[in-house]
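S.K.: Numbers in this note's numbering are just positions in the sequence shown, counted from 1, shifted up by 235.
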Amino acid sequence: MTGPARILIVDDEPPIRRFLRVALEAEGHRVTEAASVREGIDRAALDAPTLVILDLGLPDGDGIEVLRTVRGWSQVPVIVLSVRSDEAGKVAALDAGAQDYVTKPFATSEFLARIRALLRDRSGPAAPSVISVAELEIDLAARRVSVSGTEVKLTRREFDLLRLLASQAGRLVTQAMILRTIWGPAHEEDSQYLRVYIRQLRAKLGDDAADPRWIFTEPGIGYRFRGR
């Protein structure tokens with residue numbers, strides 16, 4: 236048996252997403268959704284899913300772009316779910332790092348069995364639910380943060396911002412990606428808005444922008460969380 240998983244569905248068809256959500260939640264999994272290449276990449280970075288179900292025909296590009304981008308930082312299992320049945324398309328997806336390829340329409344029982352098989356294959360070391368860096372501890376499941384054992388009260392947005400940066404520890408996260416992921420595409424250019432939240436977050440964590448312990452600024456580009 237496999238335990239509950241965090242599953243990201245990247246598909247631009249609402250009926251497919253609803254159908255999959257109902258089937259997966261019935262098996263106890265937690266489901267998040269994305270409907271485009273950009274949103275899929277952002278949700279994968281923010282949510283750290285256990286498994287990704289990926290459509291290739293997305294409105295802003297090819298789903299292969301999601302797969303290749305996510306493979307830059309994660310080996311999360313990916314099942315491609317697509318109407319494309321040609322051999323070349325399947326080979327391209329598998330070569331890009333997909334673990335399985337299912338053609339629409341599909342049999343629900345077989346599809347769920349493939350998901351269970353992939354989750355069993357990945358049932359070794361699980362992704363950490365707690366991120367610890369020096370005195371800072373971030374409990375992802377409980378949404379709790381502490382510094383030197385003292386709890387730090389963060390707003391929902393502040394926690395989401397910290398979680399996104401910490402999940403990409405050691406990597407540069409651009410301002411645009413942070414704004415899209417936390418606040419949505421309409422705020423992608425609101426860099427001043429982001430700076431205010433970064434300043435508030437640093438103040439609560441006791442992090443000094445001039446001599447940072449955790450959050451480092453890449454001027455004009457974005458932010459980098461201290462590597463673990």
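For glycine and all other residues, C-beta sits at the position ideal for the given N, C-alpha and C.
Remember, it's a predicted structure, so these values are computed and weren't measured experimentally.
Give the secondary structure of methionine 236 by DSSP, where H, G and I count as helix, E and B as strand, and everything else as coil.
M.R.: On the sequence shown, position 1 is the one that residue 236 refers to. Annotation note: pLDDT 45 at methionine 236 (below 50); position unreliable, no value reported.
S.K.: Do valine 287 and valine 326 have their C-beta atoms closer together than 7 angstroms?
M.R.: Here the question's residue 287 lines up with position 52 in the sequence shown. Here the question's residue 326 lines up with position 91 in the sequence shown. No; because the gap between Cβ atoms is not below 7 angstroms, this pair is not in contact.
S.K.: Would you call the stretch 400-408 in contact with the stretch 449-462, where contact means no fewer than 3 C-beta pairs closer than 8 angstroms?
M.R.: In short, these stretches touch, since the Cβ pair count reaches three.
S.K.: Label alanine 376 either buried or exposed according to how many other C-beta atoms from any shown protein chain fall within 10 Å of its C-beta, with 16 as the threshold for buried.
M.R.: Position 141 of the sequence shown, counting from 1, holds the residue named residue 376. The residue in question, alanine 376, is exposed, as its Cβ has fewer than 16 Cβ neighbours within 10 Å.
S.K.: Could you give the uninterrupted runs of the beta strand (DSSP E) lying entirely in the stretch 358-409, keeping only those of 3 residues or more?
M.R.: The stretch 358-409 contains these whole beta strand (DSSP E) runs: 365-368, 371-374, 379-382, 385-387 and 407-409.
S.K.: Given this structure, state the Cα-to-Cα distance separating alanine 438 from glycine 455, to the nearest angstrom.
M.R.: As a working note, residue 438 is residue 203 in the sequence shown. As a working note, residue 455 is residue 220 in the sequence shown. Taking the straight line joining both Cα atoms gives about 21 angstroms.
S.K.: Would a C-beta distance cut-off of 7 angstroms place arginine 278 and arginine 241 closer than the cut-off?
M.R.: On the sequence shown, position 43 is the one that residue 278 refers to. On the sequence shown, position 6 is the one that residue 241 refers to. No, these two residues do not count as a Cβ contact at 7 angstroms.
S.K.: On the DSSP bridge assignment, give the partners of isoleucine 450 in chain order.
M.R.: Translated into positions along the sequence shown, residue 450 becomes position 215. Per DSSP, Phe460.
S.K.: Please name the residue, chosen from Asp425, Glu370, Leu353 and Leu429, that lies closest to threonine 393 on a Cα-to-Cα basis.
M.R.: The residue you call residue 393 lines up with position 158 of the sequence shown. Here residue 393 is glutamate; the residue named in the question, threonine, does not match the sequence. Closest by alpha carbon: Leu429.
S.K.: In angstroms with no decimal places, state the Cα-to-Cα distance between methionine 236 and arginine 355.
M.R.: Within the sequence shown, the letter at position 1 stands for residue 236. Within the sequence shown, the letter at position 120 stands for residue 355. Confidence in methionine 236 is poor, its pLDDT being 45 and thus under 50, which makes the residue's placement too unreliable to answer from.
S.K.: Please list, in chain order, all residues of the same chain as aspartate 442 whose beta carbon is under 7 angstroms from its beta carbon, the five residues on each side excluded.
M.R.: Indexing the sequence shown from 1 puts residue 442 at position 207. Closer than 7 angstroms at Cβ, skipping near neighbours: Arg448, Trp449 and Ile450.
S.K.: Which same chain residues, not among the five before or five after proline 250, have their C-beta less than 8 angstroms away from its C-beta?
M.R.: Sequence index remark: in the sequence shown, residue 250 carries index 15 (1-based). Within the same chain, proline 250 has no close Cβ partners at all.
S.K.: What did DSSP end up calling valine 266 once you bin it into helix, strand or coil?
M.R.: Sequence index remark: in the sequence shown, residue 266 carries index 31 (1-based). Of the three classes helix, strand and coil, the one that applies to valine 266 here is strand, per DSSP.
S.K.: What's the call for aspartate 295, buried or exposed, on a 16-neighbour Cβ count within 10 Å?
M.R.: If you number the sequence shown from 1, residue 295 lands on position 60. Aspartate 295 should be labelled exposed.
S.K.: Relative to the alpha-carbon of isoleucine 317, which residue among Lys339, Val305 and Glu372 has its alpha-carbon at the smallest distance?
M.R.: As a working note, residue 317 is residue 82 in the sequence shown. Here residue 317 turns out to be serine, not isoleucine, going by the sequence shown. Here the closest residue by C-alpha is Lys339.
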